[in-house]
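The block underneath contains the structure these notes are about, expressed in structure tokens.
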Amino acid sequence: MYIEPDLLNKIIKSVKESAKYEKDYYNTRITELNKELISVKNSLDKLRSKLLEGIFTNEEYEEDKYKLTTRRDKVM
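Residue numbers (the working numbering): 294 to 369.
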């Protein structure tokens, strides 16, 4: 199979551009997920503090902790 050099160059350029867009997408997504993970960890820390301060009951703590750890696990 023979491909004209001009066509081959266009194909290569297109593949490289596509790969760049895909790489950019995944880098952006990783950044977003890292921010989400930090947010969940901060929320878990605040939740523990509220339990220790007596603001939350153990049941409330466990319920919110379950929601946050489920969210964290989805991010990871």
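Glycine included, every Cβ here is placed at the ideal spot set by N, Cα and C.
Please read all numbers here as calculations on a predicted model, not as lab measurements.
- With a contact defined as Cβ atoms closer than 8 Å, Leu340 and Asp357 qualify at about 5 Å.
- The residues Val368, in chain order, have a CB closer than 7 Å to that of Leu326 in the same chain once the five nearest residues on each side in sequence are set aside.
- The continuous alpha helix (DSSP H) containing Tyr359 extends over residues 351-368.
- Collapsing the DSSP output to three states places Ile348 in coil.
- Pairwise C-beta distances place the stretch 328-342 out of contact with the stretch 295-313, as fewer than three of them are shorter than 8 Å.
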